[in-house]
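Reviewing the structure listed below.
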Amino acid sequence: MLRLLMTTEYLLLLVLRAGESSGTVVTSCESCHDKASCLDSPVEHEKGDAFPTRSVSCTCQDGFVGDGITCYDLKLCADGSCCRQGYRWASELGCVDVDECSLPDDPCPPSQVCKNTPGSFDCLGPPDDVLQASPQSRSAVFQCVNTSCPLGEDCISVDGTSRCADPCQHYTALNDEWRSTANNGQVNGYHCDSGKKQGWYRLFLGKTSVQMPEWCVNQYMCGTSYPMWLTSIHPQLAEQVVLKTVSGSRNSNCNYYKQNPIHVKACFGNYYVYKFVNPTFCNMAYCADVNTKV
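With mature numbering (1 follows the signal peptide of the UniProt record, and there is no 0) applied, the sequence shown corresponds to residues -23 to -1, 1 to 271, in that order.
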């Protein structure tokens, strides 16, 4: 039973009631911190859900706080010394993101809108209906160590140091056969992206570079219960980094689950990179269109 939804370091937590314990839903116990306990239990289904699933959750042990994927030692971290830049200490949650966009002084120029991100923030360009400049003005502007990155670049950790860099050159290859739009759940069961680290990814199916589908994907495809797809076309090269809406399908409703938008960039070489964020709950996962070769 769904009891609570909260955000910690942009990991959207599903807190499920299971006896006296609750925790972050993950795909396997391997995702849990070594100072967390793992609970594996069946999920109560809504009418119309045909496939049985199980809930696996992580909960920090006594003396530790966190989301179960990351646990902090109360004795060592209570003074906030364990938190990285852009995070603050919360007694019940551990290190949580500082929302720079809620501070009295807006960190972005008047013509842009502040969007909070884990450990930092983005300054987004004006919406389409007020744009009068070139397509490049649609691009998001990212902040990195109090510096605005050039258009098309993001604040990315390179060799352990955060700096402005091109996500087309600094991404993680995401090669999961089960993400295929042709998979109806027969490849290694059902999966969830809720425990995936936010960052830039490029989609592959085998040795082939592919892209997210721009069309409604039926429920239980892409190796998940509620597949996620882009509700509009991919950006052009000149548009740099663009914010795109993502939806999850359920039954006959293609937009049943409206998810947090993701940043997308078109790259030279005819491929795309995606800044994936955690979906709001399991089981939801990003799809890879088997019909595209980019």
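Backbone N, C-alpha and C define an ideal beta-carbon position, used for all residues, glycine too.
Just so it is clear, the structure is predicted and the values come from calculations on it, not from any experiment.
Within a 10 Å sphere around the beta-carbon of Asp11 sit fewer than 16 other beta-carbons, which makes this residue exposed.
The Cβ atoms of Val122 and Ser139 lie closer than 8 angstroms to each other. When the alpha-carbon of Leu207 is set against those of Val75, Pro238 and Leu180, the nearest one is in Pro238. From the listed residues Ser32, Glu216, Arg31 and Glu69, the smallest Cα separation to Thr47 is found for Glu69.
Our two residues, Phe245 and Gly43, have alpha carbons roughly 40 angstroms apart in a direct line. For the options Glu130, Phe119 and Leu151, the alpha carbon positioned closest to that of Pro144 is the one of Glu130. Buried is the label assigned to Glu77, since at least 16 other Cβ atoms lie within 10 Å of its Cβ. Ranked by Cα distance from Lys252, the options Gly225, Lys235, Met261 and Val218 are led by Val218. Under DSSP, Ile133 takes part in a beta bridge, and its partners are Arg140.
Here the C-alpha atom of Met198 lies approximately 19 angstroms from the C-alpha atom of Ser32.
Between the alpha carbons of Val267 and Met261 lies a gap of roughly 18 angstroms. The residues Tyr(-14), Gln175, Asn237 and Ile239, in chain order, have a CB closer than 7 angstroms to that of Val254 in the same chain once the five nearest residues on each side in sequence are set aside. In the structure shown, Leu214 adopts helical secondary structure according to DSSP, grouped into three states. Across the set Ser171, Gly166 and Pro212, the C-alpha of Pro212 shows the shortest separation from the C-alpha of Gln188. Out of Phe41, Cys9, Cys54 and Pro19, the CA that lies nearest to the CA of Cys35 is found in Cys9.
By the 16-neighbour rule on beta-carbons within 10 angstroms, Trp192 is exposed.
A Cβ-Cβ separation of about 7 angstroms places Leu220 in contact with Leu101 under the 8 angstroms criterion. Membership of Lys52 in the alpha helix (DSSP H) is indicated by the continuous run Leu51 to Cys54. In the three-state reduction of the DSSP assignment, Cys100 falls in the strand class, which pools E and B. Taking a 10 Å sphere around the C-beta of Thr149, we find fewer than 16 other C-beta atoms and assign the residue as exposed.
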